[in-house]
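Q:
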Amino acid sequence: MENIGYLLGDSSRLLRRAFDDGVRSVGVTGPQARLLLYMARVEGENQGHYADRLEVEPITLCRMVDRMEEAGLVERRRDPADRRAWRVHLTARSRAMITELRVCVDEMIEHMMSGIAAQDRETFTRILTDVSANLTARRDSRALVNG
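According to the working numbering, the stretch in the sequence shown is residues 753 to 899, in order.
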């Protein structure tokens, strides 16, 4: 079991590389694609929210949104509850890209899981869900202790 952490980390690295390579054909970088796909589920939040979800520094996300806004992929709108804050929204151009991004992701996952039986895929998904829940619970309990 001592190498399971390495296998999980290495697989994650390879998956991220495949994702980044795949979405490039759609015309965005990996981080931009992750933001667009997340925004397709949760749109209109402030930049801090998205920085937190993507686990990047707020300034990093701000610069990325700047470039994406210039490219017509997102738009900032004033927050009606806080005039100092901005909410980030998808544009018609990015909405069209999201379908392509999802196809790209589906193809990548199918390639990743090729040769693995359906029952094993279900078991794998359940195990990864449990691992994620365990790690999240650990992080949350440490956050409570550290205040």
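Every residue, glycine too, gets a C-beta built ideally from N, C-alpha and C.
Within a Cβ cutoff of 7 Å, which residues of the same chain sit near residue 799, ignoring the five residues on either side of it in sequence?
A: As a first step, residue 799 is located in the sequence shown; it is residue number 47 there, counting from the start. Cβ neighbours of residue 799 beyond the five flanking positions: 810, 813, 814, 817, 838, 840.
Q: Could you round the C-beta distance between residue 856 and residue 775 to whole angstroms and report it? I think they count as a contact, below 8 Å.
A: Here the question's residue 856 lines up with position 104 in the sequence shown. Here the question's residue 775 lines up with position 23 in the sequence shown. Correct: roughly 6 Å between the Cβ atoms.
Q: Could you say if the region 828 to 835 and the region 759 to 775 meet the contact criterion of at least three C-beta pairs nearer than 8 Å?
A: With the cut-off at 8 Å, the region 828 to 835 and the region 759 to 775 do not touch.
Q: Would residue 846 pass as a contact of residue 887 if the rule is Cβ separation under 8 Å?
A: Residue numbering aside, residue 846 sits at position 94 when the sequence shown is read from its first letter. Residue numbering aside, residue 887 sits at position 135 when the sequence shown is read from its first letter. Cβ atoms of residue 846 and residue 887: not closer than 8 Å.
Q: Taking Cβ positions, are residue 860 and residue 778 nearer each other than 8 Å?
A: Reading the sequence shown from its first residue, position 108 is the one you call residue 860. Reading the sequence shown from its first residue, position 26 is the one you call residue 778. Going by C-beta atoms, residue 860 is not nearer than 8 Å to residue 778.
Q: Please confirm whether residue 824 and residue 851 have their CB atoms less than 8 Å apart.
A: The residue you call residue 824 lines up with position 72 of the sequence shown. The residue you call residue 851 lines up with position 99 of the sequence shown. Not in contact: residue 824 and residue 851 (Cβ atoms no closer than 8 Å).
Q: So for residue 778, helix, strand or coil by DSSP?
A: Position 26 of the sequence shown, counted from the first residue, corresponds to residue 778. Three-state DSSP puts residue 778 in coil, outside helix and strand.
Q: Reducing DSSP to helix, strand and coil, say where residue 837 ends up.
A: On the sequence shown, residue 837 is found 85 positions in, with the first residue counted as 1. DSSP places residue 837 in strand when its eight states are reduced to three.
Q: Consult DSSP for residue 825 and reduce its assignment to one of helix, strand or coil.
A: Counted from its first residue, the sequence shown places residue 825 at position 73. Note: residue 825 maps to coil in three-state DSSP.
Q: Would you call residue 853 buried or exposed, if buried means 16 or more other Cβ atoms sit within 10 Å of its Cβ?
A: Position 101 of the sequence shown holds residue 853. So residue 853 counts as buried.
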